[in-house]
Amino acid sequence: KPKHDDAPAAPQYSEQQVADAKKNLCDAYDLIRRAVSEVGSVTSEDQTVKFMLSLNTRLSFNTAADQLFAVSGQNPAAPPGLLNAAQTLGASYRKIVLALTANTGDDELKPLYEAADTSIASIKQACG
Numbered sequence: 657k658p659k660h661d662d663a664p665a666a667p668q669y670s671e672q673q674v675a676d677a678k679k680n681l682c683d684a685y686d687l688i689r690r691a692v693s694e695v696g697s698v699t700s701e702d703q704t705v706k707f708m709l710s711l712n713t714r715l716s717f718n719t720a721a722d723q724l725f726a727v728s729g730q731n732p733a734a735p736p737g738l739l740n741a742a743q744t745l746g747a748s749y750r751k752i753v754l755a756l757t758a759n760t761g762d763d764e765l766k767p768l769y770e771a772a773d774t775s776i777a778s779i780k781q782a783c784g
């Protein structure tokens with residue numbers, strides 16, 4: 657009896673599919689970058705406003721993570737390195753939200769931000 661390989665063959669994508677998927681991921685990242693940057697640029701000395709800004713920061717990171725996972729899932733033809741970086745950034749953003757919500761110290765936040773920065777650098781390199 658011939659033995660069959662149980663693993664399905666990796667999907668093959670056309671150059672156009674790869675280019676379109678890459679553009680979709682890069683466009684999503686660009687919007688995320690602008691949103692997170694805008695949220696991070698607002699400051700205030702008023703305690704109530706500071707609290708609202710911290711919530712908005714968490715919301716932007718969480719929404720960015722959701723968008724990265726959604727767009728990655730919708731664009732499997734994107735280059736593997738870009739897909740991995742987008743998903744890793746989404747995971748980093750979710751960990752940052754949890755750490756901020758738990759009021760962790762800088763020693764716990766620093767490696768999370770560094771991991772996000774590494775993913776961002778990979779995305780920027782892939783997107784050009």
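Take 657 as the starting number for the sequence shown in our numbering and just add one per residue. All C-beta atoms in this analysis are idealised placements derived from N, C-alpha and C, irrespective of residue type, glycine included.
Straight-line Cα distance separating residue j from residue i
i: V695; j: V705; result: 13 Å
i: R714; j: D722; result: 12 Å
i: D676; j: S716; result: 26 Å
i: F707; j: D683; result: 30 Å
i: Y793; j: S728; result: No answer is possible for residue 793: the residues shown for the chain start at 657 and end at 784.
i: V674; j: A782; result: 12 Å
i: N712; j: D702; result: 15 Å
i: V698; j: L709; result: 8 Å
i: G761; j: P667; result: 44 Å
i: T757; j: K780; result: 28 Å
i: R690; j: N740; result: 21 Å
i: D763; j: E770; result: 11 Å
Residue from the options with nearest C-alpha to residue i
i: Q730; options: I776, P667, L681 and S697; result: L681
i: V692; options: Y669, A720 and E701; result: A720
i: Q743; options: A758, F725 and Y685; result: F725
i: Q672; options: P732, I688 and N718; result: P732
i: G784; options: P667, D686 and N759; result: D686
i: N718; options: I688, N740, T774 and S697; result: I688
Reduced DSSP secondary structure (H/G/I, E/B, other) of residue i
i: P732; result: coil
i: P610; result: The requested residue 610 is not part of the displayed model; the chain covers only 657 to 784.
i: D865; result: A query on residue 865 cannot be resolved here, the shown segment of the chain reaching from 657 to 784 and no further.
i: N712; result: helix
i: S748; result: helix
Sequence-distant residues of its chain with Cβ nearer than 8 Å to residue i (five each side left out)
i: A772; result: L745, S748, Y749 and I752
Residues near residue i in its chain [Cβ-Cβ closer than 7 Å; skip 5 each side]
i: L768; result: S748, K751, I752 and A755
i: K678; result: A734, P735 and L738
i: S775; result: A741, T744, L745 and S748
Residue range of the alpha helix (DSSP H) that includes residue i
i: A684; result: E671 to S697
Cβ-based neighbour list, residue i, same chain, cut-off 6 Å, excluding 5 preceding and 5 following
i: A777; result: none
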